[in-house]
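Colleague: Residue numbers (the numbering used here), protein chains in the order written: chain H, 1 to 83; chain Y, 84 to 428; chain B, 429 to 773. Got a structure for you, questions after.
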Amino acid sequence: MIDITLPAMAWDGTQDATEALLDKWLVAPGVPVKKGQVLVSVVLVKAAMDIEAPQDGQIVAVLVQSGESFAPGTVLAQFAPAA
Amino acid sequence: MQIGKEKLLWMYQTMVEISYYEETMAAVYMEGKLPPNIQKGLAFDIGGGPVPGEMHLAAGQEPVAVGVCAHLGDHDTVVGTHRPHHFAIAKGVPLGPMTAEMFGKVGGLGKGKGGHMHLFDPAHNFSCSGIVGASMPIACGAALAAKKMGKDYVAVAFFGEGAANQGSFHESMNLAALWNLPVVFVCEDNQWAISVPKNKATSVPSVAVRAAGYGMPGVHVEHNDAVAVFEAAGPAISRARNGQGPTLIEIKTDRYFGHFQGDPESYRPKDEVATLRTKDPLGLLAQLLKAHHTMSDQEQAVITAQAHQKVIGAFEFARASAYPQAQDALADVFAHNHADTRELV
Amino acid sequence: MSTPRILTMAQAISEGIAQEMSRDSTVFVMGEDVGSYGGIFGATGGLLDKFGPERIMDTPISETAFIGAATGAAAAGMRPIVELMFVDFFGVCMDQIYNHLAKNTYMSGGAVKLPVVLTTAIGGGYSDAAQHSQCLYGTFAHMPGIKVVVPSNAYDAKGLMITAIRDDNPVMFMYHKGIMGLPWMAYLEGSSNAVPEEAYTIPFGQAKVMQEGSDLTIVSISQMVQKAMLAAHELQGQSIHAEVLDLRTLVPLDTQAILKSVRKTGRLLIADEDYLGFGLSGEIAALIAENLDSIVLKAPVMRLAVPNVPIPYSRPLEQFVIPQVHSIVQAAQALTVGKMAQART
């Protein structure tokens, strides 16, 4: 199982405790995706960023919903790589 | 060393103040704007916090302000841009009321009605505008008044390289040269007009060449260095003061922050800012001062501490100042007339 | 059954432009930061990637030149969409808009067609002060020759944009920043709604009844429509049933819809974010006054608008001058006080 997060590097230059916004999930849990496919879009302060699937597989569980904010290190979803 | 010790120290100390001010404002501006304590579904709330709205910081551009303003007195006029803090500080605008204005407080320069792009200090003949290119005609007016009143005051219009493509630039240049106005046009070229780089917006590599088209001298300053700016501005300001008319100076400078605070700058090459910061104009001037024994390490520490105190004091003043009453919004549209024009109400 | 696709108003606008650009190769976009930035308020998001820099053109800060160029290009057979970043900047290019774009068709006896869409951001509420917070649709509606379109939500925005692009006349398309659905500015959520994927048009001059009611008519446009809807919901809880009318376009104006509604309710509240004096609210009040032979008013017309003062920076002042949801509620209560008294007897 792989944790889907916004890499710590994205937070460089922001103040401690700045949270990001989970804008929209682009893929539902259980739907097979290819490596590199965009799973979710997030916005940190004003920068919009896409998070891609690390490998072929599928999202198993979404832990942060669309419209919610999250702190650095938060796991956004659980991702199961294809066998 | 041609430049007086006092001038050099003033430039250094003022740059330290400006730099610390911008850094402090960058952090304070973010208060109340970030999740989780904002409207759900937002990543940033521009209207939130103690300093709401837009914010344009001049970190990196300190040398332009001090190199020019070192030649100016209270009677000389400076008209600035939407990125005005360094000009205001270098012109002697008091930091407390300036900061209170940005906090929207009654103790602010404009009683909270103007905000950060609209700072007015008549006592120091300082003003600025949020409209690109607006500074130039207004500075021409101040210069015209000085001439009519027989004073040797000078006006300086600051503007960005993007504004050099605005109609008001061309009209002002022509008018100033035609009427031989004591005005100096200072183009602060930080290479970016929001997301558009200079080479995608301007038909010539250096705006200084446009001066010839209007019949005035044009000077290009390649390095973002306080001494270089001082040395270019001196003769231009003297010319104006001596009735020899306007000059255009273009200074290549560096914008450390985004166009406005929160600007993701996705249009900007990733390492550009880090590289620019290594040029460190403050460090360069400090080194020069120490090499000439004009400033010791200890004196530098005192200057730094004093600058920090001044900035901290200004922010404390702003926070402590009261908000205006809602009804105050309706006042000050028109100024009060003198007693003898009362009937003209 | 699939869930409806909710878009923000910014997304709806850029989708409408994209669909028309795919359909018609003569459509192109010009403006400041419309390219890689996607427009300062997102109206051209994603378009540079789809259509390239020849059709999505970043301009220098030269409004007179590029808006004038839109007029010239339209006369020569193109269909330009040109963006004035903030409506407040109209000062630097107004001659090209109101003396040329708006008048050449008439002065040519209808021979010259100018299919230009002039997009621009309007509105305040987030502390951007006097030069960046105005609506000014009244100013543009006042001068003949340019259509004025002001959507309040995503669905309308896309349909109106497609109509605007297909119209052979100049159309000013004004979008309020506080309903674009940007992740960095608080917005009223009613503005993001279901938008069909296919292209569709909404005719100009057709107001929309957002909510039916029998006690009073609230006429509004732009972000104020969303505030009126929130107010109407609150009023419902007090048994005051407001009919909310979204004008959608000011030129042409759906006078019949206004008259029909006021004939039904007998009470009119105009909620307007532009200045009170000499503007939209006065125009609607005059319309009613001219039709008193067929309308029975139960109360005088009431107008809520920004008083004739520049928009102040400080938050308590800005919130005082721009009508809020609670001011609409209070005005509606005052307007219907006769009704409540009658009901109690």
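All residues carry an ideal CB built from backbone N, CA and C; glycine is no exception. Quantities reported herein were computed from a predicted structural model and do not represent experimental measurements.
I'd like to know whether the C-beta of Ala294/Y is nearer than 7 Å to at least one C-beta of chain B.
Modeller: No, because no Cβ of chain B sits closer than 7 Å to the Cβ of Ala294/Y.
Colleague: Expressed to the nearest angstrom, what Euclidean distance is found between the alpha-carbon atoms of Ala161/Y and Ile172/Y?
Modeller: The sequence shown places Val at residue 161/Y, not Ala. The straight-line gap from Cα to Cα measures roughly 11 Å.
Colleague: Closer than 8 Å by beta-carbon distance: list the chain H residues that pair up with Gly124/Y, in chain order.
Modeller: The answer, in chain order, is Leu21 and Gly67.
Colleague: Can you check whether the C-beta of Gln249/Y is within less than 7 Å of a C-beta belonging to chain B?
Modeller: It does; some Cβ of chain B falls within 7 Å.
Colleague: Could you tell me which uninterrupted beta strand (DSSP E) segments, each at least 3 residues in length, are contained entirely in the segment 636-688 of chain B, listed from first to last along the chain?
Modeller: List check, beta strand (DSSP E) in window: 636-639, 644-648, 670-674 and 677-679.
Colleague: Can you pull the DSSP bridge partners for Ala238/Y?
Modeller: Beta-bridge pairing links Ala238/Y to Thr160/Y and Val266/Y.
Colleague: Near His528/B, what residues of its chain come up, given a Cβ to Cβ distance below 8 Å and the 5 sequence neighbours on each side ignored?
Modeller: Cβ neighbours of His528/B beyond the five flanking positions: Gly496 and Thr499.
Colleague: Mind checking whether Ala294/Y and Val266/Y have CB atoms under 7 Å apart?
Modeller: Not closer than 7 Å, so no.
Colleague: Cβ atoms of Phe748/B and Ala412/Y: under 7 Å apart, would you say?
Modeller: Yes, Cβ-Cβ distance for Ala412/Y and Phe748/B is below 7 Å.
Colleague: Please identify, using Cβ separations under 7 Å, the residues of the segment 102-116 of chain Y that lie next to chain H, in order along the chain.
Modeller: Hits within the stretch, in order: Ala110 and Met113.
Colleague: Using only the alpha-carbon positions, how far apart do Ile646/B and Phe632/B sit?
Modeller: Approximately 20 Å, taken between the alpha carbons.
Colleague: Starting from the C-beta of Val690/B, find all residues in its chain whose C-beta is less than 7 Å away, skip the five residues before and the five after it, and write them out in chain order.
Modeller: So the qualifying residues of the chain are Thr645, Leu696, Ile716 and Ile723.
Colleague: Hey, would you say Gln96/Y sits closer than 7 Å to Ile395/Y, going by beta carbons?
Modeller: Contact: no.
Colleague: Using a C-beta cutoff of 7 Å, does Ala8/H count as contacting chain Y?
Modeller: Answer no: the Cβ-Cβ gap between Ala8/H and chain Y never drops below 7 Å.
Colleague: Beta carbon of Asn307/Y, beta carbon of Pro135/Y: below 7 Å?
Modeller: No, the pair does not count as a contact, with Cβ atoms beyond the cut-off.
Colleague: What in chain B is Cβ-close to Val43/H, meaning under 9 Å?
Modeller: Ordered by position in chain B, the residues that pass the 9 Å Cβ test against Val43/H are Pro611 and Trp612.
Colleague: The segment 338-365 of chain Y: which residues have C-beta closer than 7 Å to a C-beta of chain H, in chain order?
Modeller: Against chain H - using a Cβ distance shorter than 7 Å - the residues of the segment 338-365 of chain Y are Gly345, Asp346, Pro347 and Ser349.
Colleague: Report the neighbours of Gly245/Y on chain B: residues whose CB is nearer than 8 Å to its CB, in chain order.
Modeller: Result: Pro488 and Ile489.
Colleague: Contact between the segment 575-584 of chain B and the segment 649-658 of chain B is defined here as three or more beta-carbon pairs at a separation below 8 Å; is this criterion met?
Modeller: Yes: the two stretches touch, three or more of their Cβ pairs being nearer than 8 Å.
Colleague: Between Pro118/Y and chain H, is the shortest Cβ-Cβ distance under 7 Å, so that the two count as touching?
Modeller: By this cut-off, Pro118/Y is an interface position.
Colleague: Let me know the secondary structure DSSP gives Asp523/B once reduced to three states.
Modeller: Helix.
Colleague: How many Å lie between Ser66/H and Glu137/Y at the Cα?
Modeller: The straight-line gap from Cα to Cα measures roughly 27 Å.
Colleague: Just checking my contact of Ala659/B with Val753/B at CB under 8 Å: how many whole Å lie between their CB atoms?
Modeller: Contact flag correct, Cβ pair sits at about 5 Å.
Colleague: Roughly how many angstroms lie between the CA atoms of Val428/Y and Asp415/Y, to the nearest whole one?
Modeller: Any answer about Val428/Y is weak, because its pLDDT of 49 lies below 50 and its placement is not dependable; what the coordinates show is given next. Cα to Cα, Val428/Y sits roughly 14 Å from Asp415/Y.
Colleague: So is Phe127/Y in contact with chain H if we call contact Cβ pairs under 7 Å?
Modeller: Chain H, which has a Cβ nearer than 7 Å to the Cβ of Phe127/Y, makes this yes.
Colleague: Anyone know if the C-beta pair for Ala557/B and Ile434/B falls short of 7 Å?
Modeller: Cβ distance not < 7 Å, so Ala557/B and Ile434/B don't count as in contact.
Colleague: If you compare alpha carbons, which of Gly551/B, Lys586/B, Met602/B and Gly467/B is closest to Phe568/B?
Modeller: Cα-wise, what sits closest to Phe568/B is Met602/B.
Colleague: Any beta carbon from chain B within less than 7 Å of Val428/Y's own beta carbon?
Modeller: Because the pLDDT at Val428/Y is just 49, under 50, the model does not fix this residue reliably, and the point stays unresolved.
Colleague: Expressed to the nearest angstrom, what Euclidean distance is found between the alpha-carbon atoms of Met84/Y and Met9/H?
Modeller: Confidence at Met84/Y is low in this model, with a pLDDT of 48, below 50, so its placement is unreliable and no value can be given for it.
Colleague: Can you have a look at Pro205/Y and say buried or exposed, based on whether 16 or more other CB atoms are within 10 angstroms of its CB?
Modeller: Its Cβ having fewer than 16 others within 10 Å, Pro205/Y is exposed.
Colleague: Within the continuous beta strand (DSSP E) that includes Lys4/H, where are the two ends?
Modeller: For the record, residue 4/H in the displayed sequence is Ile; it is not Lys. Unbroken beta strand (DSSP E) run through Ile4/H: Ile2 to Ile4.
Colleague: What residues from chain B crowd round Lys46/H, counting only those whose CB sits closer than 7 Å?
Modeller: Here the neighbours are Trp612.
Colleague: Could you check how far apart the C-beta atoms of Thr693/B and Gly766/B are, in whole angstroms? I think they sit under 8 Å.
Modeller: That belief does not hold up - the Cβ atoms of Thr693/B and Gly766/B are roughly 13 Å apart, past 8 Å.
Colleague: Which same chain residues, not among the five before or five after Met730/B, have their C-beta less than 6 Å away from its C-beta?
Modeller: Only Leu697, Ala759 and Leu763 meet the Cβ criterion.
Colleague: Against Glu460/B, what residues of chain Y qualify as contacts under a CB-to-CB distance less than 8 Å, listed in chain order?
Modeller: Within chain Y, the residues near Glu460/B are Ala276, Ile277 and Val279.
Colleague: May I have the straight-line CA-CA distance separating Lys231/Y from Gly328/Y, to the nearest angstrom?
Modeller: Distance between the alpha carbons of Lys231/Y and Gly328/Y: 14 Å.
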